[in-house]
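Beneath this line is the structure, given in structure tokens, with notes to follow.
Residue numbers (my numbering), protein chains in the order written: chain A, 1 to 607; chain B, 608 to 812.
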């Protein structure tokens with residue numbers, strides 16, 4: 001069957017069971033937009049290509065399926081560079097199709113020409129410039145395969161206009177037809193190394209499971225929970241891993257890192273064994289690397305071999321998919337448990353906080369009982385830290401300034417517990433991660449690695465498209481909101497009822513916090529004004545419901561009103577206290593031992 | 608002058624890549640993005656037309672070798688990477704040089720080329736273009752000696768290398784997978800830290 005390259009491209013996307021894509025047409029991609037009219041694929045017309053990219057990311061993060069975006073050449077393509085970089089850092093499967101000028105015009109500085117494969121080489125897992133229409137189905141199949149397997153990531157397919165217009169003989173490749181001789185992603189872990197890891201794990205006295213975004217990518221949340229419950233080892237969940245282990249679980253210590261809670265940060269510092277699962281020793285987690293977890297042995301499991309020994313040398317480094325390796329660990333635990341003679345003497349192990357389902361299992365079951373006794377002092381220590389250094393804030397009643405944490409607690413309590421929360425980057429992101437209770441995987445969508453301001457609104461829209469059954473709230477800052485708010489027009493016109501909570505403190509809050517703490521309160525270019533723009537008026541003009549909230553008393557009613565709207569987006573402009581800072585904090589480049597907790601906990605009012 | 612010699616700061620990597628456009632840019636970009644310095648680079652199609660072989664000499668002072676190899680391994684068109692220890696590999700390089708060779712010195716230059724088993728490939732009135740293929744250290748020595756006559760122009764190709772043939776019992780080239788363990792010393796295992804030489808890092812599998 002002879003069809004055009006454009007038809008082949010859309011048909012190939014259909015073969016990949018793409019249901020929705022986000023994009024904006026233009027000259028070079030025009031031929032590809034024509035067959036979209038006849039396709040089963042829903043196309044969501046964005047207002048800026050960056051929005052298309054972040055929507056595809058949000059969609060991918062909550063569904064586990066690759067997000068697809070389509071843009072034209074030149075500026076269309078360069079506008080999606082930021083989402084590609086974002087997806088690359090956070091290992092999000094993304095397939096971006098970009099138009100390109102005709103092959104005869106490539107390299108001539110043609111109108112709307114940019115070397116997008118060159119530009120995105122360093123921020124995609126791989127990219128392709130198609131020069132022969134016959135390659136289209138195979139390249140699309142390869143692109144989806146590369147994007148979704150191994151360590152997931154974004155890919156880009158650049159398709160010149162003449163290639164899209166020329167005809168080709170349709171075919172659909174078999175898996176064996178893919179031409180990727182150099183691509184063999186790791187899967188299962190080396191059994192010998194897994195055994196070593198389990199032996200270390202059972203011998204440790206102060207172990208911590210350091211769960212990263214790879215747990216979610218590998219869909220390993222259930223395995224992680226079983227591993228934690230069977231061994232009694234507490235879990236920290238990084239910013240990218242929030243929700244992979246329930247915050248409500250007694251073994252959950254919450255988020256570590258620069259703005260992690262005291263117990264999560266300090267548990268790693270004092271640990272004698274860190275079991276890093278799909279986490280990558282990011283600088284925001286480790287603080288000063290040579291002072292990070294000085295007494296800890298390291299077990300590091302990652303699907304990307306290049307992450308192993310990159311920042312911190314591992315005692316046991318296992319290249320493999322987290323879900324498979326955790327399953328191997330659980331199987332190894334079964335095997336080893338029986339050999340432990342003290343196992344059967346475990347009795348009713350566990351610290352007071354040990355009220356987990358696994359802990360009440362029959363004490364005669366060796367594999368479930370034996371590591372627990374040894375961990376009693378450790379868990380007692382953790383409980384003491386939790387009691388001494390909780391997350392705190394003080395909301396004065398009545399006319400006192402509205403605290404962002406108060407807003408988040410109210411929002412959390414007034415929404416279903418599987419609500420999807422998207423955030424931008426900055427103080428509001430850290431407050432959201434700290435104060436939300438994430439009890440379900442794939443409910444937290446944020447820009448972790450790249451730290452892309454403006455991520456929240458489009459990502460929330462993409463998430464809602466992927467999971468229309470769920471409530472989706474974006475928690476955004478006023479600075480972030482202004483970067484991508486135009487996508488609410490997209491949401492309104494496509495009837496995508498997302499809800500946006502702007503924590504409007506009239507500042508680039510995180511930068512302001514640093515200037516206050518580290519630059520002698522010299523505030524340089526961080527003031528934004530609470531009223532300019534008029535967020536309510538702006539929201540209304542974009543087809544949304546707009547609500548302004550200035551006092552604590554109005555918070556709950558406004559949220560209730562927003563939750564009742566299901567036919568259009570809602571924006572709430574919460575006027576929050578500009579003086580509120582995110583604590584705890586580890587200063588950039590400092591050791592995690594020098595964590596700064598909220599001044600009210602130490603009596604130090606000068607911070 | 609110690610140029611390409613058996614300098615400990617340099618490592619030779621043989622990288623087999625798909626023979627497609629843009630692959631060299633991906634490999635070179637990987638180095639430049641991280642601020643790693645490429646000392647020399649030679650690339651040409653291999654015996655299989657689907658693949659090209661790139662020989663890269665890297666300055667390891669500027670880069671941790673283990674990370675370089677793992678990052679190269681992540682590039683989709685990279686099929687395999689082998690680190691070649693000069694002690695267990697055959698390295699060769701080609702040098703072309705146009706040398707001042709007036710009537711007084713021409714005989715000496717020709718003699719020198721003869722001693723090094725090079726060739727005269729072009730003759731002018733007072734210059735000679737000479738060619739020498741050999742181990743990089745031999746080229747270093749030759750370059751040092753002809754320098755005093757006056758080098759007008761010179762071009763070296765950068766080295767190419769193949770693992771030395773193993774004439775001991777098992778008849779296997781040293782750079783292949785360890786038959787004892789049956790698996791490749793993939794990145795992340797102790798055996799693939801890359802500081803040891805002669806290890807082959809096939810794509811992690």
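We put the CB at the ideal spot given by N, CA and C, even for glycine.
Coarse secondary structure for residue i, derived from DSSP in three states
{"i": "residue 244/A", "result": "coil"}
{"i": "residue 656/B", "result": "coil"}
{"i": "residue 499/A", "result": "strand"}
{"i": "residue 470/A", "result": "coil"}
{"i": "residue 355/A", "result": "Residue placement at residue 355/A cannot be trusted, given a pLDDT of 35 that sits under 50; what the coordinates show is reported in the next sentence. Residue 355/A: coil per DSSP, three-state reduction."}
{"i": "residue 187/A", "result": "coil"}
{"i": "residue 536/A", "result": "helix"}
{"i": "residue 791/B", "result": "Interpretation of residue 791/B is limited by its pLDDT of 39, a score under 50 that renders its predicted location unreliable; the figure taken from the coordinates is listed afterwards. Reduced to three states, the DSSP call for residue 791/B is coil."}
{"i": "residue 256/A", "result": "coil"}
{"i": "residue 313/A", "result": "coil"}
{"i": "residue 634/B", "result": "helix"}
{"i": "residue 547/A", "result": "strand"}
{"i": "residue 406/A", "result": "helix"}
{"i": "residue 673/B", "result": "helix"}
{"i": "residue 384/A", "result": "helix"}
{"i": "residue 251/A", "result": "coil"}
{"i": "residue 144/A", "result": "helix"}
{"i": "residue 514/A", "result": "helix"}
{"i": "residue 210/A", "result": "strand"}
Beta-ladder partner(s) of residue i, from DSSP
{"i": "residue 100/A", "result": "160/A"}
{"i": "residue 427/A", "result": "Per DSSP, none; premise fails for residue 427/A."}
{"i": "residue 121/A", "result": "The partner list for residue 121/A (beta bridge, DSSP) is empty, contrary to what the question assumes."}
{"i": "residue 595/B", "result": "In the structure as shown, chain B starts at 608 and stops at 812, and residue 595/B therefore has no counterpart that could be examined."}
{"i": "residue 297/A", "result": "273/A"}
{"i": "residue 31/A", "result": "The partner list for residue 31/A (beta bridge, DSSP) is empty, contrary to what the question assumes."}
{"i": "residue 726/B", "result": "738/B"}
{"i": "residue 154/A", "result": "94/A"}
{"i": "residue 70/A", "result": "23/A and 97/A"}
{"i": "residue 168/A", "result": "3/A"}
{"i": "residue 698/B", "result": "768/B"}
{"i": "residue 422/A", "result": "445/A and 474/A"}
Other residues of its chain near residue i: CB distance less than 8 Å, five sequence neighbours each side excluded
{"i": "residue 756/B", "result": "706, 707, 708, 712, 715 and 716"}
{"i": "residue 387/A", "result": "none"}
{"i": "residue 330/A", "result": "223, 226, 227 and 230"}
{"i": "residue 94/A", "result": "53, 56, 57, 60, 66, 67, 68, 69, 83, 84, 87, 147, 153, 154 and 155"}
{"i": "residue 521/A", "result": "515"}
{"i": "residue 166/A", "result": "4, 5 and 133"}
Contacting residues, own chain, Cβ-Cβ under 6 Å from residue i (five flanking each side not counted)
{"i": "residue 195/A", "result": "332"}
{"i": "residue 582/A", "result": "259, 427 and 430"}
{"i": "residue 545/A", "result": "565 and 570"}
{"i": "residue 761/B", "result": "704"}
{"i": "residue 513/A", "result": "581"}
{"i": "residue 434/A", "result": "391"}
Supposed close pair residue i, residue j - CB separation, criterion 8 Å
{"i": "residue 155/A", "j": "residue 147/A", "result": "5 Å"}
{"i": "residue 682/B", "j": "residue 634/B", "result": "7 Å"}
{"i": "residue 530/A", "j": "residue 506/A", "result": "4 Å"}
{"i": "residue 91/A", "j": "residue 189/A", "result": "Not quite, the Cβ-Cβ distance comes to about 18 Å (not below 8 Å), so this is no contact."}
{"i": "residue 292/A", "j": "residue 504/A", "result": "Going by Cβ atoms, the distance from residue 292/A to residue 504/A rounds to 36 Å, so no, they are not a contact pair."}
{"i": "residue 539/A", "j": "residue 488/A", "result": "7 Å"}
{"i": "residue 493/A", "j": "residue 462/A", "result": "That belief does not hold up - the Cβ atoms of residue 493/A and residue 462/A are roughly 15 Å apart, past 8 Å."}
{"i": "residue 567/A", "j": "residue 495/A", "result": "7 Å"}
{"i": "residue 696/B", "j": "residue 743/B", "result": "Not really, about 11 Å apart at Cβ, beyond 8 Å."}
Residues near residue i in its chain [Cβ-Cβ closer than 7 Å; skip 5 each side]
{"i": "residue 215/A", "result": "221, 224, 241, 244, 277, 278 and 322"}
{"i": "residue 187/A", "result": "320, 321 and 324"}
{"i": "residue 652/B", "result": "626 and 659"}
{"i": "residue 411/A", "result": "473, 501 and 559"}
Tell me which residues of the stretch 157-175 of chain A have at least one Cβ-Cβ distance to chain B shorter than 7 Å, keeping chain order.
Correct list: empty, as no residue qualifies.
May I ask you to list, following chain order, the residues of the stretch 107-133 of chain A that have a beta carbon less than 8 Å from some beta carbon of chain B?
117, 118, 121, 122, 125, 126 and 129
Taking Cβ-Cβ distances below 8 Å as the criterion, which residues of the stretch 639-653 of chain B are in contact with chain A?
640
Got a sec: which bits of the stretch 288-309 of chain A sit with their beta carbon under 9 Å from any beta carbon on chain B, in order along the chain?
300, 302, 304, 305, 306, 307, 308 and 309
Interface residues of the stretch 179-196 of chain A facing chain B [CB-CB below 9 Å]
Those residues of the stretch 179-196 of chain A that come within reach of chain B (Cβ to Cβ, closer than 9 Å) are 179, 180, 181, 182, 183, 184, 185, 186, 187, 190 and 193.
Can you list, in chain order, the residues of the stretch 138-159 of chain A whose Cβ is nearer than 8 Å to any Cβ on chain B?
146
Chain-ordered residues of the stretch 679-704 of chain B with a beta carbon less than 9 Å from chain A
680, 681, 682, 683, 684, 685, 686 and 687
Which residues, in order along the stretch 710-735 of chain B, keep a beta-carbon less than 8 Å from a beta-carbon of chain A?
none
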